[in-house]
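Visitor: A single structure is presented below for examination.
There are 2 protein chains.
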Amino acid sequence: MHHDADIRVAIIEDDVTIREGYAYLIGNTDGYKIAGTYASCEDALRKIAHDDPDVLLLDVELPGISGIEALPKLKKAVPDTHILILTVYEEEMLIFRALGNGAEGYLTKNTPPDKIVAAIHEVMDGGGPMSANIARMVISSFKRNDSSPLTRRETEILEQISTGKSRKRIADELYIDLETVKSHIKNIYHKLDVHSKADAIKAARENKFI
Amino acid sequence: MHHDADIRVAIIEDDVTIREGYAYLIGNTDGYKIAGTYASCEDALRKIAHDDPDVLLLDVELPGISGIEALPKLKKAVPDTHILILTVYEEEMLIFRALGNGAEGYLTKNTPPDKIVAAIHEVMDGGGPMSANIARMVISSFKRNDSSPLTRRETEILEQISTGKSRKRIADELYIDLETVKSHIKNIYHKLDVHSKADAIKAARENKFI
DNA sequence: AAAATTATCCCCTTTATTGAGGTATTTTAT
DNA sequence: ATAAAATACCTCAATAAAGGGGATAATTTT
Chain L
573 MHHDADIRVA
583 IIEDDVTIRE
593 GYAYLIGNTD
603 GYKIAGTYAS
613 CEDALRKIAH
623 DDPDVLLLDV
633 ELPGISGIEA
643 LPKLKKAVPD
653 THILILTVYE
663 EEMLIFRALG
673 NGAEGYLTKN
683 TPPDKIVAAI
693 HEVMDGGGPM
703 SANIARMVIS
713 SFKRNDSSPL
723 TRRETEILEQ
733 ISTGKSRKRI
743 ADELYIDLET
753 VKSHIKNIYH
763 KLDVHSKADA
773 IKAARENKFI
Chain V
573 MHHDADIRVA
583 IIEDDVTIRE
593 GYAYLIGNTD
603 GYKIAGTYAS
613 CEDALRKIAH
623 DDPDVLLLDV
633 ELPGISGIEA
643 LPKLKKAVPD
653 THILILTVYE
663 EEMLIFRALG
673 NGAEGYLTKN
683 TPPDKIVAAI
693 HEVMDGGGPM
703 SANIARMVIS
713 SFKRNDSSPL
723 TRRETEILEQ
733 ISTGKSRKRI
743 ADELYIDLET
753 VKSHIKNIYH
763 KLDVHSKADA
773 IKAARENKFI
């Protein structure tokens, strides 16, 4: 029932029932075959290079090395494998760390089987499958706060500061006087109630003013 | 055929054929009704508050004020309306600006009609609908470069620098000597071939080292 | 176990930047 | 018209930055 063009899928998941459930589901779908299943990242790291999957379904909450910690090592072992996170966790921190470490998709475990299979296909096809709520969180992370107390110019200058530029350089690049930049910074500090560059950047980033 | 619980959809699109095509499609789908269609953002800004749509489909390439420029104003006019970008453009800059300005989804115009209707429903439901390639770009934007020349510690220190902290403060927070921080910075500058904080941050961000 | 990398600490110098206290004019929106 | 925003100027002391020269301990990797 499987041939050379089948998409090779591997699974790292500690719960044997879930793991075998996915394996059964995917293995019995036309066009897909199971390249390997592993109960831990340690186990996976030993065998995965040999199994050479096209797509890896990865649980993040695992005993021993967590899925996220293992991500860079897995990427190194099988650089061309597309990694899909499949987890119950929906914390922002975990999501962004996973994506930052090379995951190319993020699904929650309530995803119905047919969507999981579709996601495997999508990630092979250059897409970035995400569960709806994950996608919304990811999109939200880009969104500026539209009730910032900073004026446009102040925002612009704080952005420049956050790139590490000196006030002199900012003045030169915006074609304004150094004293003007200093005035703006003074006003920014007052508005954000801070007394240093670092605190201003922190406050502004936390509140998505920049 | 429509009742009070229908999802009210508005469209801003300059091409009359496309605009009426969408309107026809959505208006004839059960559970949806057209709250308004506009050929320009100027027109929309005049009427949209009265039309009060639940979801707004927005083209980005428009004559006059572009869709992206109008986004903050539209958000202000109808704060509770979910805005979905529907465009042929797939440039990173545009995507991130749109999401940063309050768009809650981003679809390309090759999206089949049933997917557009599904996306309208998804965004109402708290999701963040994106075309597959857009989702991949968004995910890629989080991904670190796994072949950074910087060591873990150097990366950590450069991250701290990018938050605006002084070397002294970084030293204190990492429980290492100021001189150690300075040495790391020296090495970072050499590796990135730069001679200032701003250039180091710029180089590191461009290459996704931080 | 050797080699390479990484992390740590110390000295020196000079210039540039920062933050805080003011005041005041011009430009841009509403 | 009248706010709000952007612009510019002043002084001051304290700190940070950048560049150079070293050395050694602690890890990893091979």
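Sequence lines, in order, name chains L and V. Residues 573 to 782 (the working numbering) make up the first sequence, in order. Residues 573 to 782 (the working numbering) make up the second sequence, in order. Cβ atoms here follow ideal geometry from the backbone N, Cα and C, with glycine treated the same way.
1. Which residues in the same chain as S734(L) place their Cβ atom closer than 8 Å to its Cβ, once the five residues preceding and following it in sequence are excluded?
2. Go ahead and label P635(V) buried or exposed: buried means 16 or more other beta carbons lie within 10 angstroms of its beta carbon, across all protein chains shown.
3. What does F714(L) touch in chain V if you count any residue whose Cβ is under 7 Å from its own?
4. Which stretch, first to last residue, makes up the beta strand (DSSP E) that contains V627(V)?
5. Quick one: is P721(V) near chain L, going by C-beta distance under 8 Å?
6. Give me the Cα-Cα distance between H654(V) and V753(L), rounded to the nearest whole angstrom.
7. Could you tell me the distance, in whole angstroms, from the CA atom of D624(V) to the CA atom of I606(V)?
8. Report the rounded CA-to-CA distance for N759(L) versus K780(L), giving the unit in angstroms.
9. Could you tell me whether the segment 661–671 of chain L touches the segment 705–715 of chain L, using the rule of 3 or more Cβ pairs below 8 Å?
10. Shorter than 8 Å from the beta carbon of P644(V) to some beta carbon of chain L?
11. Buried or exposed: where does S703(V) fall if 16 or more other Cβ atoms within 10 Å of its Cβ makes it buried?
12. Spatial neighbours of I729(L) within its chain, please: C-beta separation below 8 Å, excluding the five flanking residues on both sides.
13. Flag this pair as yes or no: are the beta carbons of V632(L) and V695(L) separated by less than 8 Å?
14. Relative to the alpha-carbon of N705(L), which residue among S612(L), E662(L), I620(L), L643(L) has its alpha-carbon at the smallest distance?
15. Report the CB separation of L643(V) from G677(V) in whole angstroms; it is logged as a contact under 8 Å.
16. Is it buried or exposed, P701(V), if we count other Cβ atoms within 10 angstroms and call 16 or more buried?
17. In or out: V650(V) buried (at least 16 other Cβ within 10 Å) or exposed?
18. Taking Cβ-Cβ distances shorter than 9 Å, what residues in chain V pair up with S734(L)?
19. Within 10 angstroms of the Cβ of A691(V), are there 16 or more other Cβ atoms? Answer buried if so, exposed if not.
20. Under 9 Å Cβ-Cβ, which residues of chain L neighbour L603(V)?
21. Between the segment 583–590 of chain V and the segment 601–615 of chain V, do three or more beta carbon pairs fall short of 8 Å?
22. Alpha carbon to alpha carbon, how far is K740(V) from R739(L)?
23. Nearest chain L C-beta to I655(V) closer than 8 Å, yes or no?
24. So that I know if they touch, is there some Cβ in chain L lying closer than 8 Å to that of N717(V)?
25. Step through the CB atoms of chain L and report whether any lies within less than 8 Å of the CB of A707(V).
26. Can you tell me where the beta strand (DSSP E) holding T609(L) begins and where it ends?
27. Please report the Cβ distance between I590(L) and E614(L), rounded to the nearest whole angstrom; I am assuming they are in contact, meaning their Cβ atoms lie under 8 Å.
28. Looking at the structure shown, is R580(V) part of a helix, part of a strand, or coil, going by DSSP?
29. Can you pull the chain V residues whose beta carbon is under 8 Å from the beta carbon of A704(L), in chain order?
30. Out of T680(V), G599(V), L646(V), Y604(V), point me to the one whose CA is closest to A577(V)'s CA.
31. Compute the Euclidean distance between the alpha carbons of R724(V) and D718(V), then round it to the nearest angstrom.
32. Return the CA-CA distance between H574(L) and K619(L), expressed in angstroms with no decimal places.
33. Compare the C-alpha of G672(L) against each of V660(L), K681(L), K647(L) and name the closest.
34. Specify the secondary structure class of H574(L) as computed by DSSP and reduced to three states.
35. Among the residues of its own chain, which have a CB less than 6 Å from the CB of K681(V), if the five just before and after it don't count?
36. Taking only beta carbons into account, state which residues of the segment 619–646 of chain V come closer than 7 Å to chain L, listed in chain order.
Guide: According to the structure data:
1. I773, A776, R777, I782
2. exposed
3. F714(L) reaches chain V at F668, L671, G672, counting residues in chain order whose Cβ is nearer than 7 Å.
4. That run of the beta strand (DSSP E) goes 627–630.
5. Cβ-Cβ to chain L under 8 Å: no for P721(V).
6. 37 Å
7. 11 Å
8. Taken atom to atom, the span from the alpha-carbon of N759(L) to that of K780(L) is near 18 Å.
9. yes
10. yes
11. Taking all protein chains in view, the Cβ of S703(V) is crowded by 16 or more other Cβ atoms within 10 Å, so the residue is classified as buried.
12. I742, L746, V753, H756, I757, I760
13. no
14. Comparing Cα positions, the closest option is E662(L).
15. The pair is not a contact, with the Cβ atoms about 13 Å apart (cut-off 8 Å).
16. Result: buried.
17. buried
18. S734, T735, G736, I773
19. buried
20. The identity of residue 603(V) in the sequence shown is Gly, whereas the question assumes Leu. Within 9 Å Cβ-Cβ: nothing; G603(V) doesn't reach chain L, min ~18 Å.
21. yes
22. 20 Å
23. no
24. no
25. yes
26. 604–610
27. Actually they do not touch by this definition, with Cβ atoms about 19 Å apart.
28. strand
29. E694, D697, G698, G699, G700, P701
30. Among T680(V), G599(V), L646(V), Y604(V), the Cα nearest to that of A577(V) belongs to Y604(V).
31. Computed Cα separation, rounded: 11 Å.
32. Here the model assigns H574(L) a pLDDT of 47, short of 50, so the residue's position is not dependable and the matter cannot be decided.
33. K647(L)
34. Residue placement at H574(L) is flagged as unreliable, the pLDDT there being 47, under the threshold of 50; a coordinate-derived value is accordingly withheld.
35. Annotation for K681(V): V660 place their beta carbon closer than 6 Å to its own, counting only its chain and skipping 5 residues before and after.
36. P644
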